[in-house]
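Chemist:
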Amino acid sequence: MSINQIYSDRILELAGNLPQTTPLVAPDAEARRVSRICGSSIDVQLAIENDHIVDYAHEVNACALGQTSASIVAQQIIGSSIDELRAVRTQMIAMLKEDGPPPTEKWEDLKYLEPVKDYKPRHTSTLLVFEAVVDAIDQYEAQQKERVV
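Sequential numbering of the sequence shown, starting at 7, is according to my numbering.
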């Protein structure tokens, strides 16, 4: 499979339908991730209540693969639990690096990114949004623990 074959019609469709979001007024958490390999970047903001995402914003400057991941996350993140988002990141890493199965159910569209596993330099941009979301969650949880202490 050539590199051009990973850019399927569905990948391009998902990337092209990347939702535009408005920055959150008072996010509970935010994070930025940048790929040193290709320069792709994503900034995410989360509003969290009862360990679930209730609002989300992003600024995405990424290749089609990064846009595809970000598009799927933006469409599915509201209502997702913190644990679910960590699990999806773990599944994506396993899918790309360990030949694991793609995520299922509401995350099923991530299966279209499975061919990226054969192109290691593209892993980072594909995983950017997941890394940023989990980084933001980690920061949020650390702040919550500090408030309790």
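Where is the CB? At the ideal position from N, CA and C, for every residue including glycine.
Between which residues of its own chain and P25 is the CB-CB distance below 7 Å, once the five residues before and five after are set aside?
Modeler: Start at 1 with the first residue of the sequence shown, and residue 25 comes out as number 19. Hits under 7 Å: S77, A80 and Q81.
Chemist: Report the option in V94, E19 and V139 whose CA atom is closest to the CA atom of T74.
Modeler: Translated into the one-based positions of the sequence shown, residue 74 becomes position 68. For T74, the nearest C-alpha among the options comes from E19.
Chemist: How many angstroms separate the CA atom of R39 from the CA atom of V31?
Modeler: Position 33 of the sequence shown, counted from the start, is the residue given in the question as residue 39. Position 25 of the sequence shown, counted from the start, is the residue given in the question as residue 31. So the two alpha carbons sit approximately 21 Å from each other.
Chemist: Could you give the residue range of the alpha helix (DSSP H) that holds V66?
Modeler: For the purposes of this step, residue 66 is identified with residue 60 of the sequence shown, where counting begins at 1. No alpha helix (DSSP H) contains V66, which is instead part of the beta strand (DSSP E) from H58 to N67.
Chemist: Note down the Cα distance separating N114 from T27, rounded to an integer number of angstroms.
Modeler: Working through the sequence shown from its first residue, we reach residue 114 at position 108. Working through the sequence shown from its first residue, we reach residue 27 at position 21. Correcting the residue type first, residue 114 is Glu in the shown sequence and not Asn. Rounded to the nearest angstrom, the two C-alpha atoms are 22 Å apart.
Chemist: Label R16 either buried or exposed according to how many other C-beta atoms from any shown protein chain fall within 10 Å of its C-beta, with 16 as the threshold for buried.
Modeler: Residue mapping note: residue 16 aligns to position 10 of the sequence shown, counting from 1. With fewer than 16 other Cβ atoms within 10 Å, it is exposed.
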